[in-house]
Amino acid sequence: MDRETLTAQLRAFRDEALRELAAARGEDALEALDVHYLGRRGGVLSGLMRGIGALPAEDRPAVGAVVNEIRSEVEGALAAARAAARADALAVRLDHEGEDMTAPGRPIARGVPHPIVETVARIAEVFGQFGFVTYEGPEVESDITNFQMLNIPPDHPARDLWDTLYVDLDGGLLRTHTSPGQIRVMHAEQPPIRALLPGRCFRYEAVDASHASEFFQVEGLMVDEGTSMADLRGQLDEFGHAMFGRGRATRFRPGYYPFTEPSVAFDIGCVMCDGSGCPACSRTGWMTILGAGMVHPVVLQYGGIDPERYQGFAFGMGVERIAMLRHGIGDLRLFLENDLRFLEQFR
Ligand SMILES: [Zn+2]
């Protein structure tokens with residue numbers, strides 16, 4: 206092999222490669238030509254370059270320069286052919302898909318608040334008009350805050366009302382009601398206090414249409430000088446009417462809670478039969494929607510508030526029950542199932 210022969214072979218290689226590249230259609234065909242002509246192992250150019258080793262040493266640099274020039278010429282042609290092939294492919298695809306760049310965008314599906322969230326927001330809105338501010342408390346409480354500071358000592362029979370779930374964490378438990386929030390607010394704030402405490406609660410319950418092991422409550426607490434049963438009755442009456450209609454009958458009955466004295470149950474006229482009596486209200490014409498009362502002086506003391514100077518009232522309601530009555534929902538489990546067919550009705 207001499208210098209002239211090898212140089213001629215290199216030029217012939219270049220001419221053939223450029224011709225083939227110009228004729229090739231599609232990125233796959235270009236890839237195959239790349240491997241065939243420029244592949245490091247087995248490529249045509251690699252084969253020609255082996256001939257350089259057979260040349261006299263003084264001829265090698267000049268031929269090496271020709272190789273580099275031809276390689277970059279072929280590589281340049283290959284890159285240009287690839288860019289053109291990509292542009293062609295895009296044009297074909299756009300044409301095929303009939304993309305209309307002037308078409309309006311696709312609408313983004315809007316979610317809706319869960320009916321429990323919506324009900325809590327409505328309750329907060331009504332009490333917000335009376336000056337109540339919303340607070341949050343932790344879901345893991347202790348025996349002291351969940352029971353003892355609410356006037357429920359360890360041997361108190363009222364503990365039978367709550368089937369408590371204990372957690373393996375410093376004697377903690379999952380709060381059985383939102384009432385420990387009363388203690389937390391009293392520790393954090395000075396009277397006058399108007400606090401609303403919505404949140405999730407937990408009890409060891411057999412699940413059925415009206416019971417679940419997790420559920421929501423909204424707690425309310427008002428503490429001020431001279432707060433009386435009249436304040437409690439007036440504000441709860443207003444709440445009942447705001448939630449269930451101006452003409453709705455309301456009544457208070459004596460009740461019992463360890464942390465209020467006196468305690469009451471607050472009823473509204475049955476939303477199904479308007480008071481004439483039906484199976485939903487056990488033929489009484491009334492439905493209980495919350496429990497309330499004047500805060501027990503012992504609880505005020507545990508909250509660091511002087512019961513000689515201040516009085517307070519508190520109430521607690523189950524959010525699921527309120528939502529079920531407002532929307533005519535018959536089964537509490539629907540709130541937990543996340544079935545969109547159910548949830549999208551509250552749009
Ligand atoms: Zn009824």
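Residues in the sequence shown are numbered from 206 upward in steps of one, following the numbering used here.
Every residue gets a Cβ at the ideal spot worked out from N, C-alpha and C, and that includes glycine.
These figures come from a predicted structure and were not determined experimentally.
Query	Result
Could you give the DSSP three-state label for C406: helix, strand or coil?	strand
Excluding the 5 residues flanking T489 on each side, which residues of the same chain have their C-beta closer than 8 Å to its C-beta?	C475, G482
Could you say which of I534, V331, M427, R364 lies nearest to H446 if we only look at CA atoms?	V331
Measuring only from the beta carbon, is G480 closer than 8 Å to any heavy atom that is part of ligand 1?	yes
Specify whether the region 342–356 and the region 378–394 touch according to this definition: at least 3 beta carbon pairs, one from each stretch, less than 8 Å apart.	yes
Does the beta-carbon of P312 have 16 or more other beta-carbons within 10 angstroms, so that it is buried, or is it exposed?	exposed
For the alpha helix (DSSP H) containing M529, list its first residue and its last residue.	524–532
What separation, rounded to the nearest whole angstrom, lies between the Cα atoms of M529 and G480?	18 Å
In this structure, does DSSP put F420 in helix, strand or coil?	strand
Could you name the residues of the same chain whose beta carbon sits closer than 8 Å to that of E394, not counting the 5 residues immediately before and after it, in chain order?	A400
State whether the region 314–333 contacts the region 419–431, with contact taken as three or more CB pairs (one from each stretch) at a distance under 8 Å.	yes
With respect to the beta strand (DSSP E) encompassing I257, which residues constitute its N-terminal and C-terminal limits?	Element bounds for I257: n/a, residue is neither H nor E.
Pull up the distance between the alpha-carbon of F449 and that of D442, whole angstroms please.	11 Å
I'd like the list of long-range same chain contacts for A229, defined as Cβ closer than 7 Å, with 5 residues on each side in sequence excluded.	L235, L238, A286
Closer than 8 Å is the cut-off here; do at least three beta carbon pairs connect the region 214–226 with the region 248–268?	yes
Could you tell me the alpha carbon to alpha carbon distance between C478 and V469, rounded to whole angstroms?	24 Å
Check M434 in the structure and name its three-state DSSP category.	helix
At the level of alpha carbons, what is the spacing between L548 and A284?	55 Å
Is the beta carbon of Y151 less than 9 Å from the beta carbon of D375?	Nothing about residue 151 can be reported from this structure: the residues present for the chain run from 206 to 552 only.
Please go through the same chain and pick out, in chain order, the residues whose beta-carbon is closer than 6 Å to the beta-carbon of T369, but skip the five residues on each side of it.	L378, T381
Counting pairs of Cβ atoms below 8 Å between the region 338–347 and the region 396–410, do you hit three or more?	yes
Taking Cβ to Cβ, would you say G517 is nearer than 9 Å to V500?	yes
Expressed to the nearest angstrom, what Euclidean distance is found between the alpha-carbon atoms of S418 and V412?	7 Å
What is the DSSP secondary structure of T339, counted as helix, strand or coil?	strand
Can you give the beta carbon distance from R438 to F457, rounded, assuming they're within the 8 Å contact cut?	6 Å
Taking DSSP as the reference, what is the three-state secondary structure of R456?	strand
Could you spell out where the beta strand (DSSP E) holding A227 opens and where it closes?	That residue, A227, is in no beta strand (DSSP E); its alpha helix (DSSP H) goes 208–228.
Is E346 helix, strand or coil by DSSP?	strand
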